[in-house]
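A.B. asks:
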DNA sequence: CTTGATAATCTCAACGTTGAAATAAAAGCA
DNA sequence: TGCTTTTATTTCAACGTTGAGATTATCAAG
């Protein structure tokens, strides 16, 4: 034990508190070691996305929609329902996002399919331009978040989370 | 390659889409492998906490405050500012939470210190009872989330996230 | 066709959070 | 003491999401 790698993060402190306060169920706290860290890191990541989005005049949720459309490839157009499934929010949120984004000229509603219930959402030229630039900033910010960690560890940890997500049915 | 462990989760599909659509910057997507999974898993965890909290008549944020107070140990009382730091939300949110929780009889505001600016928040008997029962459900739900994954992998993954959090200064 | 059920989107009030400004008390300093 | 700065909490309007219900269109029988 050289002590070099023995710092401890906030979750260590939290689990330590629980061990003192609830020694009776200390054996049941092992999931907290992973899931509490997931939650804390997610807040940091959320903040990063929010900052990047704000720098380009859009909201977090709007950035989300832009990336979904961009990565869907040509013709950069998806039914509202597809955005709903891809974004993990409720239908009301999607409608509101599209309303705001349409007002900003980022996307446009297209109603021309055979099924007149569906509304397709298409990226405009302006939307393309915004996400093109914002994505570069986004990836840079992401890289910055992990700059202090060994890349191999990042990969291993990502792999661990993938197995958790797969076991939860988060599959394509 | 037997194919047994080659399922792929949603993030695999997302990164695959990006690789096709933006092959020019495909090398910059490696942080997404970790951080996108952190975000997706965090949503699942959030939903679990929300469900557990709702089953006991409280909100997600109120559950958060109860756990902070409980694990702080006797006398189960902290200044509002301590809740603020521990909860990763803004000051307005803490005031609102305490207002609601006081109305429900879960906590009480105590103004009796030397510094009359500070307000201490103390767990009531009722609050104690609620978090005592809710915590058991919470831990059971957490264990359920990880039931399909090898425990050793959970530990390794948690360790990886700890190093990330430490590098980001998320220390006690 | 007509009816009933299913599907896709939108509406809207309620809710919790944000973020900046306000309030009030304590600490530092002349 | 008097004055300024700092600290702790509260206030409040704006914001985005939720979640249930309404709307409109399609599909499946009969």
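Residue numbers (my numbering), protein chains in the order written: chain A, 1 to 172; chain B, 173 to 344. Note that the Cβ used here is the ideal one computed from N, Cα and C, for glycine as well.
Is residue 244 of chain B close to chain A, meaning its C-beta is less than 9 Å from at least one C-beta of that chain?
C.D. replies: Yes, residue 244 of chain B counts as interfacial toward chain A.
A.B. asks: For a test of the three-state rule: what should DSSP assign to residue 273 of chain B, helix, strand or coil?
C.D. replies: DSSP places residue 273 of chain B in helix when its eight states are reduced to three.
A.B. asks: Are the stretch 210-222 of chain B and the stretch 237-256 of chain B touching, with three or more C-beta to C-beta distances below 8 Å?
C.D. replies: No: the two stretches stay apart, fewer than three of their Cβ pairs being nearer than 8 Å.
A.B. asks: Taking 8 Å as the threshold, find out whether the stretch 274-288 of chain B comes into contact with the stretch 107-121 of chain A through three or more Cβ pairs.
C.D. replies: No, the stretch 274-288 of chain B is not in contact with the stretch 107-121 of chain A.
A.B. asks: Any contact between the stretch 31-45 of chain A and the stretch 312-331 of chain B? By contact I mean 3 or more CB pairs, one from each, below 8 Å.
C.D. replies: With the cut-off at 8 Å, the stretch 31-45 of chain A and the stretch 312-331 of chain B touch.
A.B. asks: With a 10 Å radius around its C-beta and 16 neighbouring C-beta atoms as the bar for buried, classify residue 198 of chain B as buried or exposed.
C.D. replies: It counts as exposed.
A.B. asks: Taking the C-alpha atoms as reference points, what is the distance between residue 314 of chain B and residue 128 of chain A?
C.D. replies: In a straight line, the C-alpha of residue 314 of chain B is about 40 Å away from that of residue 128 of chain A.
A.B. asks: Is there a Cβ of chain A sitting closer than 9 Å to that of residue 301 of chain B, yes or no?
C.D. replies: So no, residue 301 of chain B is outside the interface.
A.B. asks: Quick one: is residue 160 of chain A buried, meaning 16 or more other Cβ sit within 10 Å of its Cβ, or exposed?
C.D. replies: It is buried - the Cβ of residue 160 of chain A has at least 16 other Cβ atoms within 10 Å.
A.B. asks: The stretch 202-217 of chain B: which residues have C-beta closer than 8 Å to a C-beta of chain A, in chain order?
C.D. replies: Those would be 202, 203, 204, 205, 206, 207, 209, 210, 211, 212, 213, 214, 215, 216, 217, in chain order.
A.B. asks: Note the first and the last residue of the continuous beta strand (DSSP E) segment covering residue 107 of chain A.
C.D. replies: Its beta strand (DSSP E) spans residues 107-110.
A.B. asks: Can residue 297 of chain B and residue 71 of chain A be called in contact, C-beta distance under 9 Å?
C.D. replies: It is not a contact, given that the beta carbons lie outside the stated cut-off.
A.B. asks: So, with DSSP's three-state summary, where would you put residue 2 of chain A?
C.D. replies: Its pLDDT being 49, under 50, residue 2 of chain A is placed unreliably in this model, and the value from its coordinates should be taken loosely. Residue state, collapsed to three classes: coil.
A.B. asks: Tell me the residue span of the beta strand (DSSP E) that contains residue 122 of chain A.
C.D. replies: Looking at the DSSP string, the run of the beta strand (DSSP E) that includes residue 122 of chain A is 120-123.
A.B. asks: Any beta carbon from chain A within less than 9 Å of residue 263 of chain B's own beta carbon?
C.D. replies: Cβ-Cβ to chain A under 9 Å: no for residue 263 of chain B.
A.B. asks: Please give the ranges of any beta strand (DSSP E) in the stretch 212-252 of chain B, keeping only runs that are unbroken, at least 3 residues long and fully inside the region.
C.D. replies: Listed in chain order, the complete beta strand (DSSP E) runs (minimum 3 residues) inside the stretch 212-252 of chain B are 249-251.
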